[in-house]
Amino acid sequence: MRNAATLVKAAALTCVTIAGPGEARAAAPVALLSDGATEIASSVERTCNTDGQCNLRITPQQLLAQAEALVQQRNYQAALPLVDALGQVPELQMQQQFLAGYIAIETGDLKGAIRKFRSILDENPGQTRVRLELARAYLLTGKEASADYHFRLAQNDENLPDEIARTIRNTRSILRDKRIWRFSFDFGFAPDSNINGATDAESIDINFGPIKLPLQLDDSARERSGIGQTAGFSGGVRVKASDRLALLFDADSKIVNYKGKASDDIVIQVAAGPELRIARYSSVSLQAVGLQRWYGGRLATREYGGRVGYQQALSEGQRVGVELDARRTESQLSNSYSGWQLGANATYEHLVGKSLIASASLFARRDLLNADGFSSVNYGVNLGLGGELPLGLNAGVSASVSRSEFDAPLLLYSTEKRQDWRGFARAYMGSRKIRFLGFSPSVDYVYSRVDSNYDLYEMSRHRVNFKFARYF
2 MRNAATLVKA AALTCVTIAG PGEARAAAPV ALLSDGATEI ASSVERTCNT DGQCNLRITP
62 QQLLAQAEAL VQQRNYQAAL PLVDALGQVP ELQMQQQFLA GYIAIETGDL KGAIRKFRSI
122 LDENPGQTRV RLELARAYLL TGKEASADYH FRLAQNDENL PDEIARTIRN TRSILRDKRI
182 WRFSFDFGFA PDSNINGATD AESIDINFGP IKLPLQLDDS ARERSGIGQT AGFSGGVRVK
242 ASDRLALLFD ADSKIVNYKG KASDDIVIQV AAGPELRIAR YSSVSLQAVG LQRWYGGRLA
302 TREYGGRVGY QQALSEGQRV GVELDARRTE SQLSNSYSGW QLGANATYEH LVGKSLIASA
362 SLFARRDLLN ADGFSSVNYG VNLGLGGELP LGLNAGVSAS VSRSEFDAPL LLYSTEKRQD
422 WRGFARAYMG SRKIRFLGFS PSVDYVYSRV DSNYDLYEMS RHRVNFKFAR YF
């Protein structure tokens, strides 16, 4: 039986004709296959003309088998022409892209490998083997956060052998330990039905002793719509001090600019402190926190305090986290809003299928402000589901509901204590395929609502945010 190398020595050019169920497909030239190629199966039909040019007529499955065999032998130079020829077979497109991506990563073309694997997952996000190779490619390019994300999704495949699942868990632990920095930036615009978060009531009742009188609200106290320009960033640095101890530095900002200054909103928060790994898959962090908010073109709030966090990675990509937060608030608008804020939340994340992450959170907050009428207890629940979909889309939905109960009535408006029900819903969608200068587009819709026994605080809000984001 003559192998491919022998055939090439007898001819300067060999053409492979891929036979389909009907007529044969167009011939694909395969030039100078290298020595060491696997033997062509005896069932392959071969003809040569008087000029020494040969034609091989094989089925798509035979061609795929030959290409896979060459790849397994690490004979990538010989495999490439066969893999290219597989591009003529639409029904084997995924196998062709995988082999091309695998050859690319093994021969050092990491960007090409990422493109190939990403294109498969854009249409078939449930392909675990492809996701593992994509994670490996990201790891080799130094993008540890992207690698960890895809390892985490692959980890949820219940058909993974125990040793591979264990290797993934260990790799993710090493990645989290080695991660040094993260940064993301986004910008866009946001049509908003209620830019000042106000009521749509035209008037409210106010108390004058035993008498209630209607008070007409001016335009500044009622809801207004508008389109804002948005921008934001999130970044962090993790400096490893020892095998178990690291120092964390985090910074986040969000900017919304509307026509005029009345509803402009800028928030900047920074945090710094140590993180201690108390077990292989769990850690505790303690950070000092500072925040400043400018609203309507002036400094509105200054906050400072601290937070304690606990993170535990479970089996199959599940994760739990608990955070406690305590901070002092200094309001620049009114001393009545100054005081202490105490917060707590617990979150559980669970992988659904092979490309989605579901989350559930319980949260509570206690505001101890100078004015009892603005002091409150707030508690609620948040549910979410999101991840990768076919067609190269990222999408998700989340919703929360909470209850707020205030310490004392605001006697100007009512003799009853204020009580609110608050609802929030969000749906988002982004494209992994579309990129411009590294930025990917996305759109999210947010609906929020407050139902209160005080008319002044009842409100509803619709907002759509179109943005471009880049993750480093």
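So for the sequence shown, our numbering puts the first residue at 2; every next one is plus one. For every residue, glycine included, the Cβ atom is placed at its ideal position computed from N, Cα and C. Every value quoted in this text rests on a predicted model; they were computed, and no experiment measured them.
Using a Cβ-Cβ cutoff of less than 8 Å, which residues in the same chain neighbour residue i once the five nearest sequence positions on both sides are dropped?
| i | result |
| --- | --- |
| ARG404 | ASN379, TYR380, GLY381, GLN420, ASP421, TRP422, ARG423 |
| VAL444 | TYR429, MET430, GLY431, VAL465, ASN466, PHE467, LYS468 |
| GLU389 | LEU122, PRO126, LEU154, SER356, LEU357, ASN395, ARG433 |
| GLN319 | TYR349, GLU350, HIS351, LEU352 |
| ALA301 | ARG294, TRP295, SER332, GLN333, LEU334 |
| TYR458 | THR200, ARG419, ASP421, VAL451 |
I'd like the list of long-range same chain contacts for residue i, defined as Cβ closer than 6 Å, with 5 residues on each side in sequence excluded.
| i | result |
| --- | --- |
| SER226 | SER194 |
| ALA450 | Checking the displayed sequence, the identity of residue 450 turns out to be Arg instead of Ala. The answer, listed in chain order, is GLY424, SER461. |
| LEU343 | ALA327, ARG367 |
| PHE473 | PHE184 |
| PRO192 | ILE228, VAL465 |
| ASN383 | SER362, SER401 |
| ASP456 | ALA202, ILE205 |
| GLU331 | ARG303, SER339 |
| GLU124 | PRO391 |
| ALA359 | HIS351, VAL353, LEU386 |
May I ask you to list the residues that DSSP assigns as paired with residue i?
| i | result |
| --- | --- |
| THR330 | GLU304, GLY340 |
| LYS241 | ALA247 |
| VAL353 | LEU357 |
| LYS434 | Answer is none; LYS434 lacks a bridge partner. |
| PHE440 | PHE437 |
| PRO215 | ASP206 |
| GLN288 | ARG308 |
| VAL560 | Outside the shown range of the chain (2 to 473) lies residue 560, about which nothing can therefore be said. |
| LYS255 | GLY233, VAL268 |
| ALA470 | ASP187, SER441 |
| ASP452 | TRP422 |
| VAL90 | The partner list for VAL90 (beta bridge, DSSP) is empty, contrary to what the question assumes. |
Terminal residues of the continuous alpha helix (DSSP H) containing residue i?
| i | result |
| --- | --- |
| ASN171 | 163–179 |
| ASP149 | 145–156 |
| PRO61 | 61–73 |
| LYS418 | It is not in any alpha helix (DSSP H) - LYS418 carries neither H nor E in the DSSP assignment. |
| TYR139 | 129–141 |
| GLU107 | 94–107 |
| GLY113 | 111–124 |
| LEU81 | 77–86 |
Check whether the Cβ atoms of residue i and residue j lie closer than 8 Å to each other.
| i | j | result |
| --- | --- | --- |
| LEU277 | VAL290 | no |
| PHE186 | ILE228 | no |
| LEU386 | VAL398 | yes |
| ALA136 | LEU111 | no |
| LEU83 | LEU64 | yes |
| ILE269 | SER283 | no |
| SER377 | GLU406 | yes |
| LEU287 | GLY307 | yes |
| ALA247 | ARG223 | no |
Which stretch, first to last residue, makes up the beta strand (DSSP E) that contains residue i?
| i | result |
| --- | --- |
| VAL268 | 266–280 |
| PRO192 | 182–193 |
| VAL402 | 394–407 |
| VAL382 | 377–390 |
Whose CA, out of the options, lies closest to the CA of residue i?
| i | options | result |
| --- | --- | --- |
| ILE256 | SER235, SER339, ARG329 | SER235 |
| GLN217 | ALA191, ARG303, ALA202, LEU413 | ALA202 |
| SER339 | LEU392, ASP251, LEU369, LEU386 | LEU369 |
| ASN346 | GLY310, GLN333, PRO82 | GLY310 |
| ALA272 | GLY237, GLY318, GLU324, GLU417 | GLY237 |
| GLY274 | PHE437, ALA66, LYS260, LYS241 | LYS241 |
| LYS117 | THR129, ALA101, GLY109 | ALA101 |
| SER441 | GLY393, SER415, ALA114, GLU406 | GLY393 |
| LEU352 | ALA314, GLU92, ARG299 | ALA314 |
| GLY439 | GLN74, GLU459, ARG471, TYR446 | ARG471 |
| THR416 | THR129, ILE104, PRO211 | PRO211 |
| ARG180 | LEU325, LEU249, TYR103, ILE267 | LEU249 |
| ALA146 | SER174, THR231, LEU300, VAL90 | SER174 |
| ASP149 | ASN160, GLU164, LEU176 | LEU176 |
| ALA114 | LYS262, GLN89, GLU124, LEU140 | LEU140 |
| LYS144 | TRP182, ASN160, ARG167 | TRP182 |
| ALA75 | GLN96, SER243, ALA105, ILE435 | Ala is not the amino acid found at residue 75; the sequence shown has Arg there. Among GLN96, SER243, ALA105, ILE435, the Cα nearest to that of ARG75 belongs to ALA105. |
| THR142 | LYS213, GLY109, GLU159 | GLY109 |
| ASP266 | ALA280, ILE279, SER243, GLY233 | GLY233 |
| ALA86 | GLN312, THR60, GLU107 | THR60 |
| TRP341 | PHE375, SER316, VAL323, GLN312 | PHE375 |
| GLU134 | ARG299, ARG329, ALA252, GLN98 | GLN98 |
| ALA252 | GLY261, ASP244, ARG239 | ARG239 |
Are any of the Cβ atoms in chain C nearer than 8 Å to that of residue i?
| i | result |
| --- | --- |
| ILE435 | Absence of chain C from the displayed structure is noted, only one protein chain being present. |
Please list, in chain order, all residues of the same chain as residue i whose beta carbon is under 7 Å from its beta carbon, the five residues on each side excluded.
| i | result |
| --- | --- |
| ALA372 | SER337 |
| ILE1 | Here the chain covers residues 2 to 473 and nothing more, so residue 1 does not appear. |
| ARG132 | LEU122, HIS151, LEU154, ALA155 |
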